[in-house]
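Let me begin by presenting the structure, written as structure tokens, before commenting on it.
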Amino acid sequence: MKGKVILGTANFGLKYGIANKKKLDRDEIFKILELARAEGIWGIDTAGVYGDAEEIIGEFFARRGKVFRVIGKLPRREYLDSRAVEDEIYGALKRMNISLIDSLLIHSFETYKLYGKIIIPALQTLCRDGVIGRYGVSVYHPEEAEHVVRETHDNLAIEFPLNLFDQRFLSDNFMQTFKTRGHLLFARSVFLQGLFFLDNRGLEGNFRKVGKQLRRIRDISESHSMRPECLALLFAISKSQVDGVVIGVDSAEQFLSNRECFSDVSCGKFKQVESLLPDLAVYDEDIILPYRWKA
Numbered sequence: 003m004k005g006k007v008i009l010g011t012a013n014f015g016l017k018y019g020i021a022n023k024k025k026l027d028r029d030e031i032f033k034i035l036e037l038a039r040a041e042g043i044w045g046i047d048t049a050g051v052y053g054d055a056e057e058i059i060g061e062f063f064a065r066r067g068k069v070f071r072v073i074g075k076l077p078r079r080e081y082l083d084s085r086a087v088e089d090e091i092y093g094a095l096k097r098m099n100i101s102l103i104d105s106l107l108i109h110s111f112e113t114y115k116l117y118g119k120i121i122i123p124a125l126q127t128l129c130r131d132g133v134i135g136r137y138g139v140s141v142y143h144p145e146e147a148e149h150v151v152r153e154t155h156d157n158l159a160i161e162f163p164l165n166l167f168d169q170r171f172l173s174d175n176f177m178q179t180f181k182t183r184g185h186l187l188f189a190r191s192v193f194l195q196g197l198f199f200l201d202n203r204g205l206e207g208n209f210r211k212v213g214k215q216l217r218r219i220r221d222i223s224e225s226h227s228m229r230p231e232c233l234a235l236l237f238a239i240s241k242s243q244v245d246g247v248v249i250g251v252d253s254a255e256q257f258l259s260n261r262e263c264f265s266d267v268s269c270g271k272f273k274q275v276e277s278l279l280p281d282l283a284v285y286d287e288d289i290i291l292p293y294r295w296k297a
């Protein structure tokens with residue numbers, strides 16, 4: 003399971019997460035990257051909109067070489083010709099000191115709808131030229147992924163939310179269908195920006211609606227001597243169709259703590275509670291989709 007871990011880098015360049023709103027300093031980032039390299043994780047997930055995350059990754063790669071596979075993002079903007087697509091990608095390559103982005107995702111389904119007829123041919127050419135390994139899309143909804151798959155004829159990389167609350171992609175054999183067709187599947191939002199770790203006393207607004215579910219997560223964790231973060235992580239990473247799971251960490255210490263979730267003991271405990279987890283599903287999009295959260 004550990005080989006599916008993808009290190010998310012939003013907090014390398016931004017204050018990120020509902021629980022801590024934390025942006026990491028360079029020294030801590032390099033410690034995390036060194037640990038990730040030693041652990042042989044699947045890769046890293048980054049984007050130009052994550053502040054200076056790409057530049058910091060580029061500093062690390064300049065020292066160590068390209069020691070991770072990279073998932074990059076084509077940002078939301080106008081794309082009136084293929085040159086605009088190429089400029090974004092070559093800019094990211096330069097910032098990260100690499101010559102290949104392993105999976106390049108269109109960061110917004112809306113961008114795909116508006117400019118897909120320009121973007122897709124450009125990405126196909128870059129794939130043939132060896133600049134990107136595979137292209138795809140980052141989505142919020144199953145129907146968005148189905149739409150892109152239906153309109154393209156390549157094996158894609160698809161990144162989507164999957165967590166204890168957001169279990170939509172587990173319904174109707176979505177993931178199995180995508181996997182059978184040869185697409186790479188990456189799960190993100192595994193910790194829902196840290197929502198699972200909030201104390202009920204810290205809940206405000208719409209989040210009060212899931213107080214019962216948060217208490218249930220704590221009850222399951224405590225009754226089986228299992229940390230909530232391990233429960234959340236193993237829920238996503240145990241899905242056989244998923245090729246990689248994007249997780250963010252707030253410190254090198256937290257990275258090491260998450261590593262313990264993959265011990266034989268933790269995995270054994272997870273098997274005992276796995277059947278209880280479908281009941282935690284939440285279908286209120288104001289809860290499960292962070293872009294709908296009210297500040």
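Yeah, the sequence shown ends on 297 if you go by the working numbering, and it's all consecutive. A virtual CB, placed ideally from N, CA and C, is assigned to each residue, including glycine. Every value quoted in this text rests on a predicted model; they were computed, and no experiment measured them.
- A distance of 8 Å or more separates the beta carbons of Leu164 and Ala124.
- Judged by their CB atoms, Val192 and His226 are not nearer to each other than the 8 Å cut-off.
- Residue ranges of uninterrupted alpha helix (DSSP H) with 4 or more members, entirely inside the region 210-259 and ordered along the chain, are 213-225, 230-239.
- The shortest C-alpha to C-alpha distance from Asp27 to any of Asn13, Glu36, Arg217, Arg39 is the one to Asn13.
- Contact annotation: Phe199 and Glu153 have beta-carbon atoms that are not nearer than 8 Å.
- According to DSSP, residue pairing for Ala189 in a beta bridge involves Phe162, Val247.
- When DSSP states are grouped into helix, strand and coil, Val87 belongs to the helix group.
- The C-alpha of Arg220 lies about 11 Å from the C-alpha of Ala234.
- No Cβ-Cβ contact shorter than 8 Å links Phe32 with Phe70.
- Going by DSSP, Val267 is part of no beta strand (DSSP E) but of the alpha helix (DSSP H) stretching over 266-275.
- Only buried fits Gly138, as 16 or more other CB atoms lie within 10 angstroms of its CB.
- Beta-bridge analysis with DSSP links Leu106 to Gly74, Tyr137.
- Look at Gly118 here: in three-state DSSP terms it is helix.
- Of the candidates Gly135, Ile239, Ile134, Arg294, Arg294 places its Cα closest to the Cα of Gly207.
- Scanning Phe237, Ser110, Thr113, Ile134 for the CA closest to the CA of Asp168 turns up Phe237.
- A buried status is given to Lys241, since no fewer than 16 other beta-carbon atoms sit within 10 Å of its beta-carbon.
- Within the same chain, Cβ atoms closer than 7 Å to the Cβ of Ser223 are found at Arg229, Pro230, Leu233, the five residues on either side in sequence being excluded.
- C-alpha of Ile249 to C-alpha of Gln126: approximately 28 Å in a straight line.
- DSSP places Val151 in the helix class (H, G or I) of the three-state scheme.
- For Asp47, the secondary structure class from DSSP, reduced to helix, strand or coil, is strand.
- For Leu82, the number of other beta carbons within 10 angstroms of its own is below 16, and it is reported as exposed.
- Between Val7 and Ile43, the CB-CB gap stays under 8 Å.
- Only residues of its own chain outside the window of five on either side were considered, and among them Val141, Ile160 have a CB closer than 6 Å to the CB of Ala147, listed in chain order.
- In the three-state DSSP reduction, Ile59 falls in the helix class (H, G or I).
- Counting other Cβ atoms within 10 Å of its Cβ, His155 stays below 16 and is therefore classed as exposed.
- By the criterion of at least three beta-carbon pairs nearer than 8 Å, the region 48-60 is in contact with the region 94-102.
- In terms of Cβ geometry, Leu116 and Ile91 do not form a close pair [threshold 8 Å].
- Beta-bridge partners of Gly15 (DSSP): none assigned.
- Taking 8 Å as the cut-off, the Cβ atoms of Thr11 and Ala64 do not count as close.
- Remark: C-beta atoms of Tyr114 and Ile103 do not approach each other more closely than 8 Å.
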